[in-house]
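K.L.:
Structure below; questions to follow.
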Amino acid sequence: MDPDHVPSHQQTANSVPADYEAWRKARWDEIAGPNGKAKVVANGRVTGRDAHVIPGVPGQWRITAAGALTMSAAADDVTVNGEAVNGTGEVPSGSTLEFSGGRVGFAGGAGGFYGVVVRRQEW
Numbered sequence: 014m015d016p017d018h019v020p021s022h023q024q025t026a027n028s029v030p031a032d033y034e035a036w037r038k039a040r041w042d043e044i045a046g047p048n049g050k051a052k053v054v055a056n057g058r059v060t061g062r063d064a065h066v067i068p069g070v071p072g073q074w075r076i077t078a079a080g081a082l083t084m085s086a087a088a089d090d091v092t093v094n095g096e097a098v099n100g101t102g103e104v105p106s107g108s109t110l111e112f113s114g115g116r117v118g119f120a121g122g123a124g125g126f127y128g129v130v131v132r133r134q135e136w
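Next up, the structure:
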């Protein structure tokens with residue numbers, strides 16, 4: 014047996030392969046990092062022309078006849094790409110959203126099928 018070779022069943026935390034450590038860090042960031050899934054407080058899917066209410070998210074969300082996402086909200090409840098929504102406004106795919114209470118989010122999709130994800134940053 015090679016004295017410099019440690020069988021994998023005898024590896025310790027100090028000898029974990031670097032590629033595993035890189036994967037583990039990336040996975041941790043994906044879950045608990047600055048934009049991690051653990052910070053998601055609300056999400057919803059918006060399809061069709063009927064008004065949708067996403068639990069925990071202000072406003073009503075709809076799809077226009079042309080397939081665009083819109084939302085209706087009172088002033089100061091929501092901003093879309095830095096602009097306050099007061100009434101009804103279009104929410105282009107890839108938009109950044111800000112909500113009262115320090116919540117942020119994004120909207121994405123196309124052709125009448127959209128998703129909205131909201132996170133609480135300070136967690």
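To get this note's numbering, take the position in the sequence shown, counting from 1, and add 13.
Every residue, glycine too, gets a C-beta built ideally from N, C-alpha and C.
The structure presented is a predicted model; accordingly, all values stated were derived computationally and were not measured.
(1) Consider the C-beta atom of threonine 109 and the heavy atoms of the ligand GDP; say whether any pair is separated by less than 6 Å.
(2) Would you kindly report the start and end of the unbroken beta strand (DSSP E) that includes arginine 62?
(3) Between which two residues does the beta strand (DSSP E) harbouring alanine 120 extend?
(4) How would you label tyrosine 33, buried or exposed, when you count the other beta carbons within 10 angstroms and need 16 or more for buried?
(5) According to DSSP, is glutamate 43 part of a helix, a strand, or is it coil?
(6) Using only the alpha-carbon positions, how far apart do proline 30 and threonine 92 sit?
(7) In the DSSP assignment, find the beta strand (DSSP E) that holds serine 106 and state where it starts and stops.
(8) At the 7 Å Cβ level, is glycine 114 part of the contact set with chain D, yes or no?
(9) So the candidates are Gly46, Arg75, Gly100, Asp42; which of them puts its Cα closest to the Cα of glycine 137?
(10) Output the distance between the C-alpha atoms of valine 54 and alanine 64, rounded to the nearest integer angstrom.
(11) Identify which residue in Asp42, Gly100, Asn94, Ala45 has its Cα closest to the Cα of serine 85.
(12) Please report the distance separating the alpha-carbon of phenylalanine 119 from that of glycine 61.
(13) Do you know how far the Cα of arginine 116 is from the Cα of leucine 82?
P.N.:
Looking at the coordinates:
(1) For the structure depicted, the ligand GDP is absent and the ligand set is empty, with no information on it obtainable.
(2) Counting along the chain, arginine 62 falls outside any beta strand (DSSP E), and DSSP gives it neither H nor E.
(3) 116-123
(4) exposed
(5) helix
(6) One C-alpha to the other measures close to 45 Å.
(7) Secondary structure note for serine 106: it is in no beta strand (DSSP E), with a DSSP letter that is neither H nor E.
(8) Here there is only one protein chain, and chain D is not present.
(9) Absent from the structure is residue 137, since the part of the chain shown begins at 14 and ends at 136.
(10) Each residue's alpha carbon lies about 21 Å from the other.
(11) Among Asp42, Gly100, Asn94, Ala45, the Cα nearest to that of serine 85 belongs to Gly100.
(12) 19 Å
(13) 20 Å
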